[in-house]
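All remarks here apply to the structure that follows.
Number of protein chains: 2
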Amino acid sequence: MNLVGLDIGGTHVRVALVDEAGQVRAQAYGPTHAQRGASTSISLMIQMVRDLLSGASVPRLQGLGIGITGPVDAATGVVSNPYTLAGWPPTDIRTPFAEAFGVPVTVDNDANVAAIGEWWMGAGKGSRRLAMVTIGTGIGVATLVDGRVQRAADGRHGEAGHMVLNPAGPPCYCGANGCWEVLASGTALGREAKSRLWNEAGVLRRLAGGVPDRVDSRLLFEAAAEGDEPARALIDECADWIGLGLVNLGSTFMPDRFVMAGGLARHLETLRHRIEAVLQRHSVMVPYDRPLAAASLGEGAGPVGAARLALDAAMASHTDV
Amino acid sequence: MNLVGLDIGGTHVRVALVDEAGQVRAQAYGPTHAQRGASTSISLMIQMVRDLLSGASVPRLQGLGIGITGPVDAATGVVSNPYTLAGWPPTDIRTPFAEAFGVPVTVDNDANVAAIGEWWMGAGKGSRRLAMVTIGTGIGVATLVDGRVQRAADGRHGEAGHMVLNPAGPPCYCGANGCWEVLASGTALGREAKSRLWNEAGVLRRLAGGVPDRVDSRLLFEAAAEGDEPARALIDECADWIGLGLVNLGSTFMPDRFVMAGGLARHLETLRHRIEAVLQRHSVMVPYDRPLAAASLGEGAGPVGAARLALDAAMASHTDV
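Top to bottom, those sequences are chains A and B. Numbering of the first sequence is given in the working numbering, commencing with residue 1220 and proceeding in unit increments. Numbering of the second sequence is given in the working numbering, commencing with residue 1220 and proceeding in unit increments.
Spelled out as structure tokens, the structure:
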């Protein structure tokens, strides 16, 4: 089968031609051109898919899936994201692709398709209940049961990144104090580094060239790698919060695997020991037998997961006939 | 169809004869006789079912379901609960019933069958994603998707009652500090009342007749009803923790309904205002549109839910043929 998966971000789009076994046959990468407006941007993406198909000598598609920077309504295919897709009104992303290629088009948000990609071909292979935790600017969680995204009855996805872990913690835009994201995201780490470590005569200050605004989680990890103790202690604290969030995800969703993704997950080996110690400490009720896995497909997870959506839709319509 | 549901507790067993529409045709209630050993106890329960069937002039069953005080392995039908069923070795509860009545027997723990009962015929009717929260001695949570209990890939049920809400909180036997149960169960409320309110010259002390060990959550609610301010403040604090646990359940499981059960739920109208205010405060990411429902079947939920398990098994085997 010839399936196309797109992962549409605010700046770039990734496209992959994938077969029914999940193998990528061809791929493309280019700007989203979001600032040129929805209609032009979509036309250019359609052309990108056409070029990919003709380059791979594929005359006909069986399905096309789209992951896009949310929120997106999977039922209607309408994306409403005025932040990342600046200037776009609520836009039906599905119909133009369906008309251009004459196939059913399935749409979901980028976090969900990435999780599906990891479940199908990456670090989540074989998992029955997968929690993919993406820690970067924020904390996003996708939960999959047998590869299907769990969502609210009305289609909304979960917000496990905003569960409360410490009501005495700092306020978040979500309305809570001490939610997971405000305690353990890359943003949180940078914020705490700036406010708590700047006055130390430490490595961090040198690495930032004396400019407080340059302090972020990346510099903090660099400082810790150089042996800076306060930097290391702050990272350990963050790891403890990451662990506690996983504990709660374990007791509510009962995953058989955690797949860690996003910027902070690149430092998983630095964080792993503390995170796993927290899971161990809380293993009385929920046994700790789930080693943390790092996402293995990287940016490729999105298009592959989107292609899997297309495959499922194609199989379902085949069964219906 | 003639379906029998049993709810087997440590002291009593409830049996109901239920039709495929969920209507109870006949019911019985008696001692479990757990202390007489597993084999005798089971024989007596089988006799109880026989008496119920002959009294209702039902010659033949289509299915039988059992809810039992856990832990129970739903796959093997083996219950392993040396606490509530004192002296029982791990016991196959399924085979004796299957042999006695010649029908498929389905087994699950009592919390799960009660949730299924509420979903089928009670306060959870029509819910797609139901979270039933039982607050009493502890906090137990059952999560249902389309009436099916969500469980780990290996069959274990969740432990949402032990999610961590305040790492600075008191220690729990589960290994955590400040888990939901240790902050918001009836036991927690009694414990805090005893340690924090005893020295107040308040209503509580009078109600307890000067005996500290008599202080429990029931007396605390009585004191509050008499207008005792410290008692009221402590109950409000507990309601806030109940609310915060629901917030986290909302963000991780995305229920469309919360059904509240157990001893504390009997005071739901006293607690509701504070609980719903917490949900409201945290409604930025997960809209608050889920009024709390009180379980409506009471002790009847278990046998009805167990009968539903039997119905599902009968329908599934019918489809297989």
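C-beta atoms are modelled at their ideal positions from N, C-alpha and C, and glycine is treated no differently. This one's a predicted model, so the numbers in the text were calculated from it and none came from an experiment.
Classification of residue i by the beta-carbon crowding that lies within 10 angstroms, buried from 16 upward
i	result
residue 1418(B)	exposed
residue 1244(A)	exposed
residue 1527(B)	buried
residue 1501(A)	buried
residue 1458(B)	buried
residue 1322(B)	buried
residue 1400(B)	buried
residue 1486(B)	buried
residue 1260(A)	buried
residue 1278(A)	exposed
residue 1540(A)	Any reading at residue 1540(A) must be qualified, since the residue scores a pLDDT of 45, below 50, and its modelled position is unreliable; the value itself is stated next. Looking at its Cβ environment, which holds fewer than 16 other Cβ atoms inside 10 Å, residue 1540(A) is exposed.
residue 1373(B)	exposed
residue 1432(B)	exposed
residue 1570(B)	Because chain B here runs from 1220 to 1540, residue 1570(B) falls outside it and cannot be looked at.
residue 1310(B)	buried
residue 1510(B)	exposed
residue 1470(B)	buried
residue 1559(A)	This structure leaves residue 1559(A) out entirely; chain A is present only between 1220 and 1540.
residue 1376(B)	buried
residue 1430(A)	exposed
residue 1474(B)	buried
residue 1185(A)	One cannot answer for residue 1185(A) here, as it falls past the ends of chain A, which runs 1220 to 1540.
residue 1447(B)	buried
residue 1233(A)	buried
residue 1365(A)	exposed
residue 1481(B)	buried
Chain-ordered neighbours of residue i on chain A, where CB pairs are closer than 9 Å
i	result
residue 1404(B)	The premise fails here: residue 1404(B) is roughly 14 Å from chain A at the closest Cβ pair, so nothing lies under 9 Å.
Run of the beta strand (DSSP E) containing residue i, from where it starts to where it stops
i	result
residue 1231(B)	1231-1237
residue 1362(B)	1358-1364
residue 1225(A)	1222-1227
residue 1351(B)	1348-1354
residue 1345(B)	Per DSSP, residue 1345(B) belongs to no beta strand (DSSP E) and is neither H nor E.
residue 1427(A)	Per DSSP, residue 1427(A) belongs to no beta strand (DSSP E) and is neither H nor E.
residue 1242(A)	Run containing residue 1242(A): none; DSSP gives neither H nor E here.
Where the alpha helix (DSSP H) containing residue i begins and where it ends
i	result
residue 1331(B)	1329-1340
residue 1303(B)	Run containing residue 1303(B): none; DSSP gives neither H nor E here.
residue 1315(B)	1313-1320
residue 1279(A)	Note, residue 1279(A): premise wrong, no alpha helix (DSSP H); not H, not E.
residue 1509(B)	From DSSP, residue 1509(B) is part of no alpha helix (DSSP H); its letter is neither H nor E.
residue 1407(B)	1405-1411
Contact list for residue i against chain A, beta-carbon separation under 8 Å
i	result
residue 1449(B)	Near residue 1449(B) there are no residues of chain A at all, since even the closest Cβ is about 21 Å away, more than 8 Å.
Interface residues of chain B facing residue i [CB-CB closer than 7 Å]
i	result
residue 1385(A)	1385 and 1386
residue 1505(A)	1378
Interface partners of residue i on chain A, CB under 7 Å
i	result
residue 1395(B)	1501
Determine which residues of the region 1369-1381 of chain A have a Cβ less than 9 Å from any Cβ of chain B, and write them out in chain order.
-> So the list reads 1369, 1370, 1371, 1372, 1373, 1375, 1376, 1377, 1378, 1379, 1380 and 1381, given in the order they occur along the chain.
Unbroken stretches of the beta strand (DSSP E), 3 residues or longer, contained in the region 1439-1496 of chain B | List check, beta strand (DSSP E) in window: 1476-1480.
Residues, ordered as in the chain, of the region 1461-1477 of chain A that lie near chain E by beta-carbon distance below 7 Å | Looking at the structure shown, chain E is missing, and the protein chains on hand are A and B.
Closer than 7 Å, Cβ to Cβ, to anything on chain B: give me those residues from the region 1342-1361 of chain A, in chain order.
-> Using a CB distance below 7 Å, the part of the region 1342-1361 of chain A facing chain B consists of 1347 and 1348, ordered along the chain.
Residue ranges of each alpha helix (DSSP H) within the region 1372-1408 of chain B, 4 or longer = Given a length threshold of 4 residues, each whole run of the alpha helix (DSSP H) inside the region 1372-1408 of chain B is given here in chain order: 1399-1403.
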